[in-house]
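Colleague: Provided herewith is a single structure, encoded as structure tokens, for subsequent inquiry.
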Amino acid sequence: MSSLHWAILSPFFIACFIPLVYKQFHRVHTGWFVLFLPIVLFIYFTGFIHEVGDGRHLSASLGWIPSLGINFDVYADGLSLLFSLLITGIGALVILYSIYYLDKDKEKLHTFYVYLLLFMGSMLGLVLSDNLIVLYMFWEFTSLSSFLLIGYWYHRERSRYGAQKSLLITVLGGLSMLGGFVLLSFMGDTYSIRELMGQTGELATDPLFTASLLLILLGAFTKSAQFPFHIWLPDAMEAPTPVSAYLHSATMVKAGIYLVARLSPVFAESSLWFWLIASAGILTLVWGSYSAVKQTDLKAILAYSTISQLGMIMSLLGAGAAALHYESMDKNIYMAATVAAVFHLINHATFKGSLFMAAGIVDHETGTRDIRKLGGLMNFMPITFTITIIGAFSMAGLPPFNGFLSKEMFFTSMVRVTEMEIFNMETWGVLFPVLAWVGSIFTFVYSMIIVLKTFTGKFKPEKLEKKPHEAPLGMLIPPVILASLVIIFGFFPNLLASTVIEPAVAAIQPGLSQKQFQIHISHWHGFTIELYMTLGVILLGSLLYITWDKWKCVYHIIPGRLSLNRMYDALLAGMERGSIGVTKLFMTGYIRTYLVYIFLFFIVSLGITLWREDAFAFDVGNTAPVRLYEVIISVIIATSAIVILFAKSRLTSIIILGAIGYMVSLFFVLFRAPDLALTQLVIETISVALFLLCFYHLPKLSSRKEERVAFRLNNALISIGVGVIVALIALSSHSNKLFESISNYYIENAYEEAGGKNIVNVILVDFRGLDTMFEITVLGIAALGIFALIKLRLARGTLKDENE
0 MSSLHWAILS PFFIACFIPL VYKQFHRVHT GWFVLFLPIV LFIYFTGFIH
50 EVGDGRHLSA SLGWIPSLGI NFDVYADGLS LLFSLLITGI GALVILYSIY
100 YLDKDKEKLH TFYVYLLLFM GSMLGLVLSD NLIVLYMFWE FTSLSSFLLI
150 GYWYHRERSR YGAQKSLLIT VLGGLSMLGG FVLLSFMGDT YSIRELMGQT
200 GELATDPLFT ASLLLILLGA FTKSAQFPFH IWLPDAMEAP TPVSAYLHSA
250 TMVKAGIYLV ARLSPVFAES SLWFWLIASA GILTLVWGSY SAVKQTDLKA
300 ILAYSTISQL GMIMSLLGAG AAALHYESMD KNIYMAATVA AVFHLINHAT
350 FKGSLFMAAG IVDHETGTRD IRKLGGLMNF MPITFTITII GAFSMAGLPP
400 FNGFLSKEMF FTSMVRVTEM EIFNMETWGV LFPVLAWVGS IFTFVYSMII
450 VLKTFTGKFK PEKLEKKPHE APLGMLIPPV ILASLVIIFG FFPNLLASTV
500 IEPAVAAIQP GLSQKQFQIH ISHWHGFTIE LYMTLGVILL GSLLYITWDK
550 WKCVYHIIPG RLSLNRMYDA LLAGMERGSI GVTKLFMTGY IRTYLVYIFL
600 FFIVSLGITL WREDAFAFDV GNTAPVRLYE VIISVIIATS AIVILFAKSR
650 LTSIIILGAI GYMVSLFFVL FRAPDLALTQ LVIETISVAL FLLCFYHLPK
700 LSSRKEERVA FRLNNALISI GVGVIVALIA LSSHSNKLFE SISNYYIENA
750 YEEAGGKNIV NVILVDFRGL DTMFEITVLG IAALGIFALI KLRLARGTLK
800 DENE
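Be aware that the sequence shown starts at 0, since it is given in numbering that gives the first Met the number 0, and climbs by one per residue.
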């Protein structure tokens, strides 16, 4: 196992010991024990920056299910290394922040950090996996762990609602993505992403290509909250602020971004890939920024701002993908979109992480996040105010912060999209820069709302639950670090150019080596259209903010009942009502009804199969003769089974049932299977004894005259049908020898392969060891259940005695 494998699995390993640490060191905040892991992993991944920057890649393989082509293959290039650094770096800051945010005396910290480590390991596995099935496994682990984190405060109804909503939407997308992965593997005959990248020409001509593309994008859009699947993200803000800062600004919501970037070389040949990604991204940008302006909760504003920023990155990846397989295009020009996507990915993690933490500080120190109750906090929380200004101004795209640089590159990419001579961009392409500009105006407005509505204006102490004051130093350090990075990357953007951005771009566009291009990011490009667009954003955005009271009525144009959230709730409620209605049709509470459904399906499905495939055959040429005593034993078994139905006593029924079992064991003796005979005898003896013990405690049968049970023709027909179908299948399977019996394989290999002379034991223990293990597991679970029921009954009896 390589060091990369250990890096992925280490969070899962450490998570196993967190409950023990919490129990033994409950006086110390558990976060201090967890903090070392992301720090160590971040240092570990930074050691690869120079190597990956030189164009080298790290890979390792670990066998898992090689017969199916599923192995734990890991691969670290510029793209996966960038995400690994974000996951571990932001993770370390979030854990440090959570130490001061979560009260060790009031919170169940061991569960919180177990969930957080599970998520961290899942994200690392997702971005470092080269096998599609392993990637999907970690993808669903992120959905599950984020569900647990969002619902961490499970006593709150909104937390449970948000957790369920995120799980349903992201898992639905994940299942669709799995279907796309399977189709992709069928086309390329491999699960390896690197091998699929080498088959782009062949894959594009396959009839399954479009279906695979659509299914995979559905998974990416749901995870990265693209319109109309974005509705889960605002409700996920019910999670603790450290969770929001980690999952919904830097990691989980970027998983879909990562997937699109990783698979762009495979699908970018299709115009559908460009149109879907670019269109969904630009629409999400506009809708997210437009919706953020009307929010009154700080975290809700940040949630919709995250949606809009994710849409911006997605649209850039779509524009960058257009240049991947078109030699006639100037790749250096259109590569700017991919560079902007990678750069803004980093910038968004820094300024959005700091803003989430600042919002958490405001909530923690004032008791509210409602901007209608806030105001005038600048004098009480000067450091938090400074952090918020830096983060919000960067998000708004104002100089000299890093967000300004990537926003200018975004405008450049959207303007150049109109110059493309492919995908009918000469007609519809003009919408991209227009929508990009409109979305940026609303981004400016909600950024100003975050700063000015919270920290300036009139102070309202009567509306606050706590007397506001600055947060403790430990809670300020993480957002200060992130805000510092916003400034550093703003003034010195080329610190990241050759070390992080260029390798990531080369990984997204493998047709270009890092030696073919150099990235240089600068603040001034002259009086360009992008500069005029920025000035227009500032002027019009300021005007909209000042006149907010005059135009906010536009948000009432669309009735609330037509919102996507209402539609989701209505759909969920409708599905629940429908499922209850359907369930009531067959869940009647009577076992005979369930048996009727089961047996009818059995008769119809197997009967039609026998008829359609012409599978019935009857051949007694190779059967042994039936001896007289075998006929006698068969008649005894059949007669005993019929007699049970008419027995008047439970004791008589038990004795006859035992007799049937003993007759079956006699068959095994005659057929020279002593092990089976012994097993059958033991089971029958124990069963009879248990039946007697159970029936001893049941009330005696009523002495009054029993009511006559009416004859039911449908039950008789179903019974006869099942018997006939089973008989036909038994005769056909014996008469149709399509291949040699597997018993010969066991006879030949039992001793050689397993070293046992008892073939039955060898089959159970060696050849079918997993089956036997699972059977034992089932019995163990049943035993635990019985033990729990007995203990529960005893506990209730004790409680009843105490009450009496």
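Using N, Cα and C, we set each Cβ at its ideal position, and we do this for glycine too. These figures come from a predicted structure and were not determined experimentally.
1. Between the segment 460-474 and the segment 306-313, do three or more beta carbon pairs fall short of 8 Å?
2. Using only alpha-carbon positions, find the residue among Phe226, Ala395, Leu207, Ile728 that is nearest to Ser439.
3. Going by alpha carbons, who is nearest to Glu469 out of Ile382, Gly255, Gln163, Ala658?
4. Rounded to a whole number of angstroms, what is the C-alpha to C-alpha distance between Gly197 and Tyr554?
5. Confirm, please, whether the CB-CB distance from Val485 to Thr349 is below 8 Å.
6. Is there contact between the segment 236-247 and the segment 355-362, where contact requires at least three CB pairs shorter than 8 Å?
7. My assumption, with CB atoms under 8 Å, is that Asp76 sits in contact with Pro502. Please give the rounded CB distance.
8. Would DSSP call Asp296 helix, strand or coil?
9. Would you call the segment 515-524 and the segment 488-501 touching, i.e. three or more CB-CB distances under 8 Å?
10. If I follow the unbroken beta strand (DSSP E) through Val553, where does it start and stop?
11. At which residue ranges does the segment 221-252 contain complete alpha helix (DSSP H) runs of 4 or more residues, listed in the order of the chain?
12. For Asn220, count the other beta carbons within 10 Å of its own beta carbon; 16 or more makes it buried, fewer makes it exposed. Which is it?
13. Which residue spans inside the segment 524-601 form an unbroken alpha helix (DSSP H) run of at least 4?
14. Can you tell me the Cα-Cα spacing of Gly280 and Pro432, whole angstroms?
15. Pairs of beta-carbons, one from the segment 407-419 and one from the segment 308-322, closer than 8 Å: are there three or more?
16. Would you kindly report the start and end of the unbroken beta strand (DSSP E) that includes Ser58?
17. Indicate whether Met186 and Phe208 have their beta-carbon atoms separated by less than 8 Å.
18. Rounded to the nearest angstrom, how far is the Cβ of Ile7 from that of Gly120, given a contact under 8 Å?
19. Does the beta-carbon of Glu591 have 16 or more other beta-carbons within 10 angstroms, so that it is buried, or is it exposed?
20. For Val265, does the three-state DSSP call read helix, strand or coil?
21. Going by CA-CA distance only, name the one from Leu791, Leu451, Met251 that's closest to Phe82.
22. For Ser94, count neighbouring C-beta atoms within 10 Å of its own C-beta (all shown protein chains included) and say buried if the count is 16 or more, exposed if not.
23. Leaving out the 5 sequence neighbours to the left and right, which residues in its chain are closer than 8 Å to Leu599 when beta-carbon positions are compared?
24. According to DSSP, is Asn130 helix, strand or coil?
25. For Leu338 versus Ile480, is the C-beta spacing smaller than 8 Å?
26. What's the call for Asp72, buried or exposed, on a 16-neighbour Cβ count within 10 Å?
27. Leaving aside the five residues before and after Ala249 along the sequence, list all residues of the same chain whose C-beta is less than 6 Å from its C-beta, in chain order.
28. Consult DSSP for Asn806 and reduce its assignment to one of helix, strand or coil.
29. Rounded to a whole number of angstroms, what is the C-alpha to C-alpha distance between Lys459 and Gly374?
30. What are the boundary residues of the beta strand (DSSP E) that Tyr43 is part of?
31. Between Ala729, Ser633, Lys164, Ser1, which lies nearest to Leu147 when the distance is taken from Cα to Cα?
32. What's the gap between the Cα of Phe526 and the Cα of Trp427?
33. Just to confirm, is the Cβ distance from Phe403 to Gly540 under 8 Å?
34. By the DSSP assignment, the beta strand (DSSP E) with Val499 in it spans what residues?
35. To the nearest angstrom, how far is the alpha carbon of Asp102 from that of Leu108?
36. Compute the distance between the beta-carbons of Arg159 and Tyr151, then report whether it is under 8 Å.
Modeller: The answer reads as follows:
1. Contact fails: fewer than three Cβ-Cβ distances are below 8 Å.
2. Ala395
3. Ile382
4. 49 Å
5. yes
6. yes
7. 7 Å
8. strand
9. Touching, yes.
10. Taken as a continuous stretch (DSSP letters only), Val553 belongs to no beta strand (DSSP E), as it is neither H nor E.
11. 231-234, 240-246
12. In the sequence as displayed, the identity of residue 220 is Phe instead of Asn. By the neighbour-count rule (16 or more Cβ atoms within 10 Å), Phe220 is buried.
13. 528-545, 547-550, 563-585
14. Approximately 13 Å between the Cα atoms of the pair.
15. yes
16. 57-59
17. yes
18. Sure, about 6 Å apart at Cβ, within 8 Å.
19. The sequence given here places Arg at residue 591; Glu does not occur at that position. Result: exposed.
20. helix
21. Met251
22. The sequence shown places Ile at residue 94, not Ser. By the 10 Å Cβ count, Ile94 comes out buried.
23. Ile717
24. strand
25. Per the sequence presented here, residue 338 reads as Val, with Leu not at that position. In this structure, Ile480 does not lie closer than 8 Å to Val338 by Cβ.
26. buried
27. Leu85, Ile89, Ala348, Gly352
28. Beyond the ends of the chain as shown, which are 0 and 803, falls residue 806; an answer cannot be given.
29. 7 Å
30. From DSSP, Tyr43 is part of no beta strand (DSSP E) but of the alpha helix (DSSP H) over 35-45.
31. Comparing Cα-Cα distances from Leu147 to each of Ala729, Ser633, Lys164, Ser1, the minimum goes to Lys164.
32. C-alpha separation (whole angstroms): 26 Å.
33. No, the Cβ-Cβ distance between Phe403 and Gly540 is not below 8 Å.
34. No beta strand (DSSP E) contains Val499, which DSSP labels as neither H nor E.
35. Taking the Cα positions, Asp102 is about 9 Å away from Leu108.
36. no
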